[in-house]
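A short write-up of the structure that comes next.
In this note's numbering, the protein residues as written are 163 to 498.
Written as structure tokens, this is what we have:
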């Protein structure tokens, strides 16, 4: 296998990424973090491909409204196709209010879990470090509560509906702690255990999210399932793209990052192509991680014996955290 950097250069400079062509006619979609970057461009692709309703879910509603105007201007579509709903992934109350509203939709065919954070400043969310709290706990808090709506849509309209997570190839660089004790989330919540400058927290959050996606998809409509109306749960690496991910970096680091971005980063629109393609991929992608070149490959850090052991440990702890935040949430999985 080529080195990580060699693969990185190939996917950033050489790899051809075709525009998605699958029809989303009549479909309803939710895009979290849809006000900018990959989320905004994904929403635009969904509208272009005929979606009946695309909901831009974001914390800052005014920015979401601006994204809506930008998409309307670019595509000349009907204003009713796009809606902006407030969603703060860091707030269990906000997530529950959003879910309650989404349950009233006539259908939900696509959930793009795109919202996330990357920062060099230590802060806490859901009782742990912020990147882990938002990218793992908050993301799964929303996703699991919307599984029944996706299943309902599958039974009523076929499909299959898709739940797609925006992942990152950087998960393979994660330095997982040797001895996190009984609770990895509590361990990460202690600032002395975290080295923010290295971005390892972001890498770890994406590694932990991969494990959670694998376990979630093994419970909800696994490939061996005989359910005639399954859903597809997958994740995708959208490549390194020009987004707002560097906005919280210190000035000097931001300058270096911007130089690196100038040389290597692809436009967010091209990364969104990968996301929307994943959201229309077949059942063979269920539980899988789609690399930027389309291959369904997890690195050994995820699938080795040690990786599986750690993944099971993370999942069991995550389920307990989610149940405390939203009592009864795990019944969403037992009921499908």
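In this text, a Cβ means the ideal position worked out from N, Cα and C, and glycines have one as well.
Computed from a predicted model, the values in this text were never measured in an experiment.
With contact defined as three or more Cβ pairs closer than 8 Å, the region 302–316 and the region 481–488 are in contact. Counting only unbroken stretches of 3 or more residues, the beta strand (DSSP E) elements lying wholly within the region 234–294 are 244–248, 272–275, in sequence order. Of all alpha-carbon atoms in 253, 312, 316, 315, the one lying nearest the alpha-carbon of residue 286 is that of 253. Comparing alpha carbon positions, the residue from 271, 234, 267, 178 closest to residue 441 is 271.
One thing to note: residue 279 has its Cβ no nearer than 8 Å to the Cβ of residue 326. Closest by C-alpha distance to residue 260, out of 320, 268, 249, is 249. Between residue 367 and residue 276 the beta-carbon gap is near 14 Å, outside 8 Å, which marks them as no contact. Ranked by Cα distance from residue 396, the first of 386, 387, 371, 390 is 371.
Counting only residues of its own chain and dropping the five nearest sequence neighbours on each side, residue 355 has a CB closer than 6 Å to the CB of 349. Beta bridge pairing from DSSP links residue 452 with 398, 458. If you compare the alpha carbons of 295, 376, 480 with that of residue 363, the shortest gap goes to 295.
Of all C-beta pairs linking the region 215–233 to the region 441–455, fewer than three are shorter than 8 Å, placing the two stretches out of contact. In the same chain as residue 273, and ignoring 5 residues on each side of it, the C-beta atoms closer than 6 Å to its own belong to 192, 308, 325, in chain order. Going by C-alpha positions, residue 469 is about 21 Å away from residue 290. According to DSSP, residue 193 shares a beta bridge with 218, 274.
Here the alpha carbon of residue 432 sits roughly 22 Å from the alpha carbon of residue 365. Its Cα nearest to that of residue 211, the residue 438 stands out among 438, 360, 445. In the DSSP secondary-structure assignment, residue 328 is bridged to 398.
No Cβ-Cβ contact shorter than 8 Å links residue 310 with residue 394. When the five nearest sequence neighbours on each side are left out, the beta carbons in the same chain lying within less than 6 Å of the beta carbon of residue 342 are those of 349, in order along the chain. Non-local beta-carbon contacts of residue 474 in its own chain, meaning distances under 6 Å to residues more than five positions away in sequence, are absent.
Residues of the same chain with a CB within less than 7 Å of the CB of residue 230, apart from the 5 flanking positions on each side, are 218, 244, 246 in chain order. Distance between residue 205 and residue 462, taken at the CA atoms: about 33 Å. Spatial neighbours of residue 233 in its own chain (CB-CB distance under 7 Å, excluding positions within 5 residues in sequence) are listed in chain order as 205, 206, 209, 244.
In this structure, residue 374 lies near residue 480, with their beta-carbon atoms less than 8 Å apart.
Judged by DSSP secondary structure, residue 186 falls outside any alpha helix (DSSP H); it is assigned neither H nor E. Cα atoms of residue 194 and residue 257: separation of roughly 11 Å, rounded to the nearest angstrom.
Counted as a single uninterrupted DSSP element, the alpha helix (DSSP H) harbouring residue 376 occupies residues 362–381. Secondary structure note for residue 210: its alpha helix (DSSP H) is the uninterrupted segment 199–210. Spanning the alpha carbons of residue 482 and residue 339 requires a straight line of approximately 21 Å. In this structure, residue 288 sits away from residue 358, with a CB-CB distance that is not shorter than 8 Å. Straight through space, the alpha carbons of residue 391 and residue 241 are spaced by roughly 32 Å.
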